[in-house]
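One structure is given here, and the rest of the page talks about it.
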Amino acid sequence: MKIILLSIIKIYWAVFAKDKRRKCIFRLSCSKHVYQVTKEEGLLKGFNALKYRYENCRNGYHIFENHIDGSKMMILPDGQLLQENEIAVRFFSCS
């Protein structure tokens, strides 16, 4: 069954040019993350990764500076905090 999810992701990559896809807020794109998790850990973990990314890679996040060390952090819609190394580089290119 995991072959089906992996195939769907590969078709998505083939059909939609990278520059036409929705921009991900995570450093590792949602499709790459779900593909990697599914391939390494199986279908159930892949679906859980897909659900998590679907619920959190959207509007409702906030970026702020950690006043302790000056690093950037992001709070996701579900309240989870991402460290700077987990956030897409595009958020820092204007700084």
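Adding 1 to a residue's 1-based position in the sequence shown gives its number in the numbering used here.
The beta carbon of each residue, even a glycine, is placed where N, CA and C say it ideally should be.
Remember, predicted model here, so these are calculated numbers, not experimental data.
**Item:** Backbone CA spacing between L29 and A89 [nearest angstrom]
**Value:** Residue 29 sits at position 28 when you count from the first residue of the sequence shown. Residue 89 sits at position 88 when you count from the first residue of the sequence shown. CA-to-CA, the gap between L29 and A89 works out to about 7 Å.
**Item:** Three-pair Cβ contact test at 8 Å for the region 36-52 versus the region 75-83
**Value:** No contact exists between the region 36-52 and the region 75-83.
**Message:** Please tell me whether F27 has its Cβ less than 9 Å away from any Cβ of chain D.
**Reply:** Considering every chain present, this structure includes no chain D. It has just one protein chain.
**Asked** How would you write the range of the alpha helix (DSSP H) that L7 sits in, first residue to last?
**Response** Within the sequence shown, the letter at position 6 stands for residue 7. Residue range 3-16 is occupied by the alpha helix (DSSP H) that includes L7.
**Asked** Can you name, in chain order, every residue of its own chain whose Cβ lies under 6 Å from the Cβ of H63, other than the five neighbours on each side?
**Response** Within the sequence shown, residue 63 is the residue found at index 62, counting from 1. The answer, listed in chain order, is I76.
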